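Number of protein chains: 2
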Amino acid sequence: MVDKAVMERIESELSKYMDSEVEFLLKIGNYILSSGGKRLRPVLVLTFSKLLKGENEDRDYPLAVALEYLHTASLLHDDVVDGADSRRGRPSANRIFGNDTVVLTGDYMYANALYLFSIYGDIDMIKNVSDSVKKMAEGQLLELKKIGDLDITYEEYFKILEGKTAVLFGSCCYVGTALGGGSQEQKESAYRYGLNIGLAFQLIDDYLDYASTEEKLGKPVCNDLREGKITYPLLSVMDSLTEEEKQLVKKVIRDLNPKKEDIEAVKSIVEQKGGMTKTIEKSRQLVNNAVSELENFPDNEYLKKLEELAKFIVEREF
Amino acid sequence: MVDKAVMERIESELSKYMDSEVEFLLKIGNYILSSGGKRLRPVLVLTFSKLLKGENEDRDYPLAVALEYLHTASLLHDDVVDGADSRRGRPSANRIFGNDTVVLTGDYMYANALYLFSIYGDIDMIKNVSDSVKKMAEGQLLELKKIGDLDITYEEYFKILEGKTAVLFGSCCYVGTALGGGSQEQKESAYRYGLNIGLAFQLIDDYLDYASTEEKLGKPVCNDLREGKITYPLLSVMDSLTEEEKQLVKKVIRDLNPKKEDIEAVKSIVEQKGGMTKTIEKSRQLVNNAVSELENFPDNEYLKKLEELAKFIVEREF
């Protein structure tokens, strides 16, 4: 969907702006950045910018890269928070370099991203981006706090989702639109496009955690449940559970080592009560919200790509 | 040295701008911010601003507070990096709330600080401040990397010191001068004042680690040495050590549990060869550098306070 030349330039700019004098930091940075990923955030920045001005300018790249740094920084801190052993099929950075180093490298990448914005961006972008970084931390803290909590609300659940993916997607689209010279209305519209596809993306993740197989997912199914996290498939049927079913859910989410048959039982309750279908429906609705925001932009090839991207998110696995 | 009313306003503004909807975050934030501290960073911001415009404006406070948040965020991440058990005589935040929570609260405070700058500051301040945050992370990473390394250079040592305290002091003075309407030359001069007193401050810390007693310091003397860190007192005499003395130092800094008599032996070598005196001299020289930067500012009561502050740093303990 994205030009090979563009992808290659993203990769080369990603290493270009990690220019610390501390060699050790470059080594860790390279390890993490070389582990790949779809570079969805830079792609969103560059596509929104092109949507408005046809071609990218040189200054689009450092900011596209800055948003990937913010994402990478949050993954690094995530790995420390989760005590993760691996990421994208390789040992996680904290396993190789230690938690201390990884926390500091994340801090460096956060600061470097903001520094790039102070050179190539403007104060309005920084306001939007730093607000997103606040919300990312808030969302993750809320998620930690809500582990094992049967009474999580929709509002709390969506706040967690926003922090995980959606606000940073939103900022990418906002910054791209600003780079393209868009109006305030267009910037906000782009932000909502990103926010909505981010939420849909995360909902599908939560769906797949129930629906997929261990082989496809690369981790045990119902992993969220095992970790004590209630996600949309279960949340959406919570009101229709019997008292007995509620007790079962409670037992599973509060147990550090829940039994396999209890997990399976919750999984089939969710399926029977329609939690899976509801999750897909909600995700489609969010994608539709996202696509409708695109009406505020010129109709060209880049708009088509953004439409495809939004739809791809819900259709990716089933 | 600082007005009681000013100190009280700093305290109240510190809690005012921690306004997350996530209550859990407020709780942790309050725990950390209520542990006190001299609020040296806000004081520097406010004093430089007053030096130029006589009185503080309302918008000086959120930025003074933002710089304290950056400091607090770095302390939080430091505690995780060091696995610290206590800070300022209370259990450290990571002991009470866990590493995961503390990492994320630090991230929130970093982001909140930059967000405040996007509202009350300008792009030039953000460039200066985000550059300092980069250097803080770089300095700490370099310090980790240099543990147990006999061949640490002066350049590396001072880069570590800069990251620990000096660059953020520099930014406080830079931001305060910008708030006061100072020229580019004055902002840079203020930055160098802060950088130099920060370096002097840290040198005296390193001096006290050799010279003080366990009671005064609240931790064992020669703690840096125990942790494998070579600081100025030892670094300044390294060239005059015999081969045998070098081997002893090597043994001590590479041993996770060095013997008390070996520590004492290194300590007396440092004293005999003049390492303590050299550290004080270097610190005085840096304070003089700092004071000479003040020539670029109007001569009033606030200038006097900044002179006193600089001198107090070297004279504080002996």
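Chains as they are written, first to last, in numbering that gives the first Met the number 0: chain F, 0 to 317; chain D, 0 to 317. Quick reminder that beta carbons are idealized off the backbone N, C-alpha and C, glycines included. Note that this is a predicted model, so its numbers are computed, not measured.
Compute the Euclidean distance between the alpha carbons of N127(F) and E244(D), then round it to the nearest angstrom. Residue numbering aside, residue 127(F) sits at position 128 when the first sequence is read from its first letter. Residue numbering aside, residue 244(D) sits at position 245 when the second sequence is read from its first letter. Between N127(F) and E244(D), the C-alpha separation is close to 56 Å.
Taking C-beta to C-beta, are L69(D) and M108(D) nearer than 9 Å? Along the second sequence, read from residue 1 onward, the residue named residue 69(D) stands at position 70. Along the second sequence, read from residue 1 onward, the residue named residue 108(D) stands at position 109. Yes, they are a contact pair.
Answer with yes or no whether the minimum CB distance from L160(D) to chain F is below 9 Å. Walking along the second sequence from the start, residue 160(D) turns up at place 161. Answer no: the Cβ-Cβ gap between L160(D) and chain F never drops below 9 Å.
Against chain F, with Cβ distances strictly below 9 Å, would F317(D) count as a contact? Numbered from its first residue, the second sequence carries residue 317(D) at position 318. With a pLDDT of only 47 at F317(D), under 50, the local geometry of the prediction cannot be trusted, and no value is derived from it.
Let me check understanding here. Comparing Cα to Cα, which of L194(D), I196(D) and I229(D) lies closest to Y209(D)? Walking along the second sequence from the start, residue 209(D) turns up at place 210. When only C-alpha atoms are compared, the closest one is I229(D).
Determine contact between the stretch 18 to 27 of chain F and the stretch 135 to 146 of chain D, defined as no fewer than three beta-carbon pairs at a distance below 8 Å. Output reads yes: the stretch 135 to 146 of chain D touches the stretch 18 to 27 of chain F.
Put V5(F) into one of helix, strand or coil per three-state DSSP. Looking up residue 5(F) in the first sequence gives position 6. In the three-state reduction of the DSSP assignment, V5(F) falls in the helix class.
Helix, strand or coil at F23(F) [DSSP, three-state]: The count along the first sequence starts at 1 and reaches residue 23(F) at position 24. Residue state for F23(F) is assigned as helix, using DSSP reduced to three classes.
Where does F317(D) sit, in a helix, a strand or coil, going by DSSP? Taking the second sequence and counting its residues from 1, the one referred to as residue 317(D) is at position 318. Its pLDDT being 47, under 50, F317(D) is placed unreliably in this model, and the coordinates cannot settle the point.
Note down, in chain order, every chain D residue with its Cβ under 7 Å from the Cβ of Q139(F). If you number the first sequence from 1, residue 139(F) lands on position 140. In chain order: L103.
Counting only beta-carbon atoms, is N98(F) nearer than 9 Å to chain D? Position 99 of the first sequence holds residue 98(F). Using a CB distance cut-off of 9 Å, N98(F) counts as an interface residue toward chain D.
Helix, strand or coil: which one does DSSP assign to M17(D)? Position 18 of the second sequence, counted from the first residue, corresponds to residue 17(D). When DSSP states are grouped into helix, strand and coil, M17(D) belongs to the coil group.
Chain F within 9 Å of I95(D), Cβ atoms only: What you label residue 95(D) is simply residue 96 of the second sequence in a count that begins at 1. By this cut-off, I95(D) is not an interface position.
If you count every other CB in all the chains shown that lies within 10 Å of the CB of G193(F), and 16 or more means buried, which is it? In the first sequence, residue 193(F) corresponds to position 194, counting from 1. With 16 or more other Cβ atoms within 10 Å, it is buried.
If you pair each beta-carbon of the stretch 282 to 297 of chain D with each one of the stretch 172 to 191 of chain D, do three or more pairs fall below 8 Å? Verdict: yes, contact present.
Between which two residues does the alpha helix (DSSP H) containing L103(F) stretch? Residue 103(F) sits at position 104 when you count from the first residue of the first sequence. Where L103(F) is concerned, the enclosing alpha helix (DSSP H) stretches over N98 to Y119.
9 Å is my cut-off, CB to CB: does F318(D) come that close to chain F? For chain D, the structure presents residues 0 to 317; residue 318(D) sits outside this window and is missing.
When you compare only the Cα positions, how much space is there between N222(D) and I118(D)? The sequence position of residue 222(D) within the second sequence is 223, counting from 1. The sequence position of residue 118(D) within the second sequence is 119, counting from 1. Rounded to the nearest angstrom, the two C-alpha atoms are 42 Å apart.
C-alpha gap between E142(F) and V251(F), whole angstroms: Residue numbering aside, residue 142(F) sits at position 143 when the first sequence is read from its first letter. Residue numbering aside, residue 251(F) sits at position 252 when the first sequence is read from its first letter. Each residue's CA atom was taken as its position, placing E142(F) and V251(F) some 17 Å apart.
Do you know whose CA, among V166(F), Y231(F), D81(F) and L50(F), lies nearest R191(F)'s CA? Within the first sequence, residue 191(F) is the residue found at index 192, counting from 1. The option with the nearest alpha carbon to R191(F) is V166(F).
Continuous alpha helix (DSSP H) stretch holding V174(F): start and end: Locating residue 174(F) in the first sequence gives position 175, where the first residue counts as 1. Per DSSP, V174(F) is one residue of the alpha helix (DSSP H) stretching across V166 to L178.
According to the neighbour-count rule (16 or more other Cβ atoms, all chains shown, within 10 Å of its Cβ), is D57(D) buried or exposed? On the second sequence, position 58 is the one that residue 57(D) refers to. D57(D) should be labelled exposed.
Short of 7 Å in beta carbon distance, which residues of its chain neighbour R89(F), apart from the five on each side in sequence? Order them along the chain. Residue 89(F) sits at position 90 when you count from the first residue of the first sequence. Answer for R89(F): S34, listed in chain order.
Can the beta-carbon of L62(F) be found closer than 9 Å to that of I9(F)? Within the first sequence, residue 62(F) is the residue found at index 63, counting from 1. Within the first sequence, residue 9(F) is the residue found at index 10, counting from 1. Not closer than 9 Å, so no.
Taking 9 Å as the cut-off, decide whether the C-beta atoms of A264(D) and N195(D) are in contact. The residue given as residue 264(D) occupies position 265 in the second sequence. The residue given as residue 195(D) occupies position 196 in the second sequence. Not closer than 9 Å, so no.
Buried or exposed: where does K258(F) fall if 16 or more other Cβ atoms within 10 Å of its Cβ makes it buried? Residue 258(F) sits at position 259 when you count from the first residue of the first sequence. Residue environment: K258(F) is assigned as exposed (fewer than 16 neighbouring CB atoms within 10 Å of its CB, all protein chains considered).
Using the three-state DSSP reduction, which class does R58(F) fall into: helix, strand or coil? Translated into positions along the first sequence, residue 58(F) becomes position 59. Coil, per DSSP.
By DSSP, does G227(F) sit in helix, in strand, or in coil? Here residue 227(F) corresponds to residue number 228 of the first sequence, with the count starting at 1. Three-state result, G227(F): coil.
Which same chain residues end up closer than 6 Å to R38(D) when comparing Cβ atoms and leaving out the 5 residues on each side of it in sequence? In the second sequence, counting from the first residue as 1, residue 38(D) sits at position 39. So the list reads I9, once near-sequence residues are dropped.
Applying the criterion that 16 or more other CB atoms from any shown protein chain within 10 Å of the CB defines a buried residue, is N299(D) buried or exposed? Taking the first residue of the second sequence as position 1, residue 299(D) is located at position 300. N299(D) comes out exposed.
Report buried or exposed for G82(D), applying the criterion of at least 16 other Cβ atoms within 10 angstroms of its Cβ. Indexing the second sequence from 1 puts residue 82(D) at position 83. By the 10 Å Cβ count, G82(D) comes out exposed.
Buried or exposed for M6(D), please, with buried defined as at least 16 other CB atoms from any protein chain shown within 10 angstroms of its CB. Start at 1 with the first residue of the second sequence, and residue 6(D) comes out as number 7. When all chains shown are included, M6(D) counts as exposed.
CB-CB under 7 Å to A92(F), same chain, minus the five flanking residues each way: which ones, in chain order? Residue numbering aside, residue 92(F) sits at position 93 when the first sequence is read from its first letter. Around A92(F): I27, Y30, I31, L75, D78 and V101.
Would L13(F) count as contacting chain D if we go by Cβ distances under 9 Å? Walking along the first sequence from the start, residue 13(F) turns up at place 14. In terms of beta-carbon proximity, L13(F) stays away from the interface with chain D, with every pair separated by 9 Å or more.
Residue-level contact to chain F via CB, I118(D), 9 Å cutoff: To locate residue 118(D), count along the second sequence from 1; it is residue 119. Yes, because at least one Cβ of chain F sits closer than 9 Å to the Cβ of I118(D).
From which residue to which residue does the alpha helix (DSSP H) around M275(D) run? Position 276 of the second sequence, counting from 1, holds the residue named residue 275(D). Note, M275(D): alpha helix (DSSP H), G274 to E292.
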